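See structure below.
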Amino acid sequence: MTHAAPLDARKTSGRATSDTHHRAVPGVLAGAGFLVLALSFMVNAMDRQVFPPLLPGIRAEYGFSLQAGGLLATGFTLGMAFAGLPSGYLVDRFSRKTVLLVSIVIYSLGTLATPLASGFADMAVYRIVSGLGEGMQAAALFTAIGAYFHHRRGLALGALGVAFGVGVFLGPLIGVNLASAHGTWRAPFIVFGTAGLLMAAIAALTVRRGLTERSVERTTAAQEYDHMPASPYNRNTIALAVSSAISGVVLYGFIGLYPTFLISNLHFTSAQAALAMSFVGFGGMTGIVGGWLGDRVDQRNLLIVSHLALAASSLLVYQTHLTIGWQCLFAFLMGAFGTGFLFPNTNSAMQRAVRPSQVGRGAGLFISSYYVTAAFSGLIFAALVDGFGWHLAGLWQITLLPLIAVAALTFVRTSEFSNAVR
């Protein structure tokens, strides 16, 4: 990845950091810092995705219903939704590195606390705490990387998507193996929570503030943004937020109960379900391609095509009764279009739809809109399954909802983006 332009040395309006003037980060150190932050995001993904494949065992121990289990599987995203807008405000005004480090500690402690739960209520609290930390990290990380690599924002966020995909790929496999080796579903949460605290310590020592605190405004003339709306909450960001919200309820509804669908409806083993689940993360590794395309083509059109492809992939998942090999392929397609294309491009488009001084609020709006619906997606999907069965539930929530996102995206005007050719 090409090293970005020299760091902005000016303190932005209302933004306070411990250093007023941050020096440009040498290419090697910038690359190393980016790698550490990407690894921390990978651990974030492992934390998120370890719960669904362990859900059948957790439900058996605590006696949770399918709806309660579905809410726990995706309810942590409610914490992410709550964290989005406030975190966007914080990272526009305070040190992004500090927000990053605190957030990693918060979600790691929430993960470590999950095995201590005595019932549904406190487990839900621990899951939401994990989500708060994960949402804070995502807002700060997307803002920092998006600003530092602003000329290649889609590619940079796509690379983070690859790290996230690796975490989604490894999380279920490692989690199920740890649970099997130690004879308890609690073991993976202890291991992943400890790994998160270790990543926070490594990031504190190795990530330079010059990488995390960069502002775009210094490098471009203010009048270059006269074509953009003055408010961060404009037609483009609202339409993108609708698309984002639908992405969240579709993808997390799928992820939260996909292993349960494979085990209870298709009668696969837990190991086979974990394998198929890991291919969702494998598909997410296409984020580097999705982000690269987002820097080169009209992002509105790319998002529309991605939503349609996600809907088509879900038809294959829920309307066929094929072998585990085919389900791995379908899961890969869901991960590719859901996390490899839609996630980084909605994220970068939201940042491009606001002026550079508002990029934190753009990232925060993306986090909140994406995860507020994701928080209830498992509960909604489980209720649909109870009422209509897996096939119709998959059709209504996972296949048809993306068409509403397509309609919302027709209101987006990329000519008003910060990267529009003038």
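The sequence shown: position 257 = 1101 (my numbering), numbered continuously. Idealized CB from N, CA, C, for every residue including glycine. Just so we're clear, the structure is a prediction, and the values are computed from it rather than from any experiment.
- Closest option to residue 1142, judged by alpha-carbon separation, among 1254, 1044, 1176 and 1035: 1254.
- For residue 1226 against residue 911, the beta-carbon gap comes to about 4 Å, under 8 Å, which counts as contact.
- Three or more Cβ pairs closer than 8 Å define a contact, and the region 1160 to 1169 falls short of that threshold against the region 1197 to 1212.
- Taking all protein chains in view, the Cβ of residue 1057 is crowded by 16 or more other Cβ atoms within 10 Å, so the residue is classified as buried.
- Going by beta carbons, residue 1073 and residue 1205 fall outside the 8 Å limit.
- Of the other Cβ atoms in all chains shown, 16 or more fall within 10 Å of the Cβ of residue 1091; this residue is therefore buried.
- Counting C-beta pairs closer than 8 Å gives fewer than three between the region 1179 to 1190 and the region 955 to 970, which falls short of the contact rule.
- One thing to note: residue 950 has its Cβ within 8 Å of the Cβ of residue 976.
- Cβ-Cβ distances below 6 Å link residue 1256 to 1080, 1083 and 1144 in the same chain, with the five nearest sequence neighbours on each side left out; the list follows chain order.
- In the three-state DSSP reduction, residue 1075 falls in the coil class, being neither helix nor strand.
- Contact between residue 932 and residue 1208 holds: their C-beta atoms lie close to 2 Å from each other, under 8 Å.
- Annotation: residue 1129 is outside any alpha helix (DSSP H) and is labelled neither H nor E by DSSP.
- Between the alpha carbons of residue 1130 and residue 922 lies a distance of about 26 Å.
- In the DSSP assignment, residue 935 falls within the alpha helix (DSSP H) that extends over 910 to 935.
- Residue nearest to residue 906 within the set 962, 1158, 894 and 937 is 962 (criterion: CA-CA distance).
- Look at the region 988 to 1064 and you find these whole runs of alpha helix (DSSP H), each 4 residues long or longer: 997 to 1026, 1030 to 1050 and 1053 to 1056.
- Assigned with DSSP and collapsed to three states, residue 1254 falls in coil, not helix or strand.
- Annotation for residue 1105: 1234 place their beta carbon closer than 7 Å to its own, counting only its chain and skipping 5 residues before and after.
- Per DSSP, the continuous alpha helix (DSSP H) segment holding residue 1171 begins and ends at 1168 to 1179.
- When the alpha-carbon of residue 1219 is set against those of 898, 873 and 916, the nearest one is in 916.
- Residue 943 sits away from residue 982, with the two beta carbons spaced by 8 Å or more.
- Bounds of the alpha helix (DSSP H) holding residue 906 are 895 to 906.
- Taking each of 1022, 1214 and 1153 in turn and checking the Cα distance to residue 979, the smallest one comes out for 1214.
- C-alpha of residue 898 to C-alpha of residue 1263: approximately 43 Å in a straight line.
- Taking C-beta atoms as the reference points, residue 1127 and residue 1221 fail to come closer than 8 Å.
- Check the Cα spacing between residue 1244 and each of 1155, 1119 and 1251: the tightest is with 1155.
- Here residue 1230 is exposed, its C-beta having fewer than 16 other C-beta atoms within 10 Å.
- The residue from 1151, 1103 and 1190 with its alpha-carbon nearest to that of residue 1250 is 1151.
- Annotation for residue 1089: 1213 and 1217 place their beta carbon closer than 6 Å to its own, counting only its chain and skipping 5 residues before and after.
- Taken through DSSP and simplified to helix, strand or coil, residue 1197 comes out as coil.
- Around residue 1123, the same chain offers 1172, 1175, 1176 and 1179 as residues with beta carbons nearer than 7 Å, after the five sequence neighbours per side are excluded.
- Note that the C-beta distance between residue 1085 and residue 882 is not below 8 Å.
- DSSP, reduced to helix, strand and coil, places residue 1105 within a helical segment of the structure shown.
- Relative to residue 1070, the option among 1029, 1261 and 871 whose CA is nearest is 1261.
- Of the candidates 993, 891 and 1114, the residue whose Cα lies closest to the Cα of residue 1168 is 1114.
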